[in-house]
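First the structure, in the form of structure tokens, and then the observations on it.
In this note's numbering, the protein residues as written are 164 to 475.
Pasting the structure below:
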């Protein structure tokens, strides 16, 4: 296992300081040991989300682990639930945003070459199944590399990592919330996937392979769609050349229109994408935020509520 991990790490993360995101759970503790045994330079980073009474104990556990491994330790405590309430946003989304912001701050401070997280093959399988059941293809899989963030454990099962730690005589922390069946991911992990694997051995590996193929296809479609999105620099309002969008296959055109909406800070909902398609067809479409979409000649305009220029 150590040899396989070292080969993956060498491929994914260049030599230099690494930030190891360690929660104290089995996956991240195994990550820390594997990186150390690979002889790589690093620091351990831990964010206390202040969501459980035991979180302070997790921090102390990870700090002791970092000291044993000889890695510098960085920690921060944020009352994530309070922040989510104040912002009236989803708790999990806010926690993820705060966690990655913290990891990137540490990375800048230590001039890290990569941030390593402990996502496993099991996480990949759970994500794929959850997204499919939610009826969405966006974000179907977990990418092994996104910017500075690297996930070298995506080829390893959770049970492999636990067995590895037991062989080392190393302990880890358990998060009681991972047993809460009211959470969709926990339900899939604890109830659904064991039954699927009993009937279809190797199902998690199959789901992981599916995710990899799907993400490669997704990346290709994204590149093709972006090639159709050509801003028209002649105007001081958002404007795009209409012909490449009109000539594109529907699947690429809709992706390009989604980016137009995101550039206006609008949610890329299907009904708004449909309105932009109508505007490309010659109709005037009113969008949230007071924007007006219309095609004039060979240009698709997104006119703000108070245009700074006369209508073309």
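From the three backbone atoms N, C-alpha and C, an ideal C-beta is built for every residue, glycine too.
Close Cβ partners of residue i (< 6 Å) along its chain, the five nearest in sequence each way excluded
i           : result
residue 313 : 175, 176, 277, 279
residue 418 : 388
residue 468 : 453
residue 168 : 197
residue 193 : 324, 327, 328
residue 498 : Outside the modelled stretch of the chain, which goes from 164 to 475, sits residue 498, for which no answer is possible.
residue 254 : 247
residue 265 : 210, 239
residue 200 : 165
residue 386 : none
Nearest to residue i (by Cα), restricted to the options the options
i           : options            : result
residue 270 : 425, 165, 182      : 182
residue 170 : 189, 202, 185, 191 : 202
residue 268 : 434, 207, 328      : 207
residue 337 : 243, 199, 179, 185 : 185
residue 160 : 432, 441, 458      : The shown model of the chain, from 164 to 475, leaves out residue 160, and the question about it has no answer.
residue 198 : 189, 250, 172, 220 : 172
residue 180 : 274, 303, 427      : 274
residue 463 : 405, 427, 414, 415 : 405
residue 322 : 286, 395, 248, 299 : 286
residue 232 : 333, 326, 295, 317 : 333
residue 219 : 353, 383, 187, 244 : 187
residue 315 : 346, 190, 292, 373 : 190
residue 396 : 178, 461, 297      : 461
residue 373 : 292, 415, 385, 446 : 292
residue 480 : 335, 466, 243      : Lying outside 164 to 475, the shown extent of the chain, residue 480 is not represented and no answer is given.
residue 317 : 299, 227, 288      : 288
residue 272 : 357, 235, 355      : 235
residue 283 : 446, 371, 380, 166 : 371
residue 205 : 361, 351, 178      : 178
residue 377 : 299, 355, 222      : 299
residue 320 : 368, 217, 250, 221 : 368
residue 154 : 364, 249, 351, 394 : Because the chain in this structure spans residues 164 to 475, residue 154 falls outside the shown range and cannot be described.
Residues that residue i bridges to, as DSSP identifies them
i           : result
residue 205 : 181
residue 226 : None, per the DSSP bridge assignment.
residue 459 : 462
residue 308 : 313
residue 236 : 207
residue 279 : 183, 313
residue 449 : 455
Cβ shell of residue i (< 7 Å), same chain only, five flanking positions each side left out
i           : result
residue 331 : 196
residue 290 : 304, 305
residue 359 : 366
residue 445 : 458
residue 347 : 293
Nonlocal neighbours in the same chain, by C-beta distance under 8 Å from residue i, ignoring five residues either side
i           : result
residue 252 : none
residue 448 : 438, 439, 441, 442, 455, 456, 457
residue 435 : 424, 429, 450, 451
residue 295 : 303
residue 353 : 342, 344
residue 384 : 414, 415, 418
residue 427 : 401, 450, 452, 454, 465
residue 230 : 236
residue 362 : none
residue 393 : 403, 404, 407
Test: residue i CB closer than 7 Å to a CB of chain D
i           : result
residue 249 : Given the protein chain composition of this structure (a single chain), no chain D is represented.
Exercise. Would you call the region 260 to 276 and the region 236 to 249 touching, i.e. three or more CB-CB distances under 8 Å?
Worked result: yes
Exercise. Is there contact here, the region 332 to 348 with the region 399 to 409, by at least three beta-carbon pairs under 8 Å?
Worked result: no
For this session: Enumerate, from N- to C-terminal direction, the unbroken alpha helix (DSSP H) stretches of 4 or more residues contained entirely within the region 324 to 391.
Result: 347 to 350, 356 to 362, 366 to 391
Exercise. Is it true that the region 309 to 324 meets the region 208 to 219, where meeting means three or more beta-carbon pairs spaced less than 8 Å apart?
Worked result: no
For this session: May I ask you to verify whether the region 390 to 404 touches the region 420 to 427, counting CB pairs closer than 8 Å and requiring at least 3?
Result: yes
For this session: Return the chain-ordered ranges of every beta strand (DSSP E) run that is complete within the region 391 to 442 and spans a minimum of 3 residues.
Result: 402 to 404
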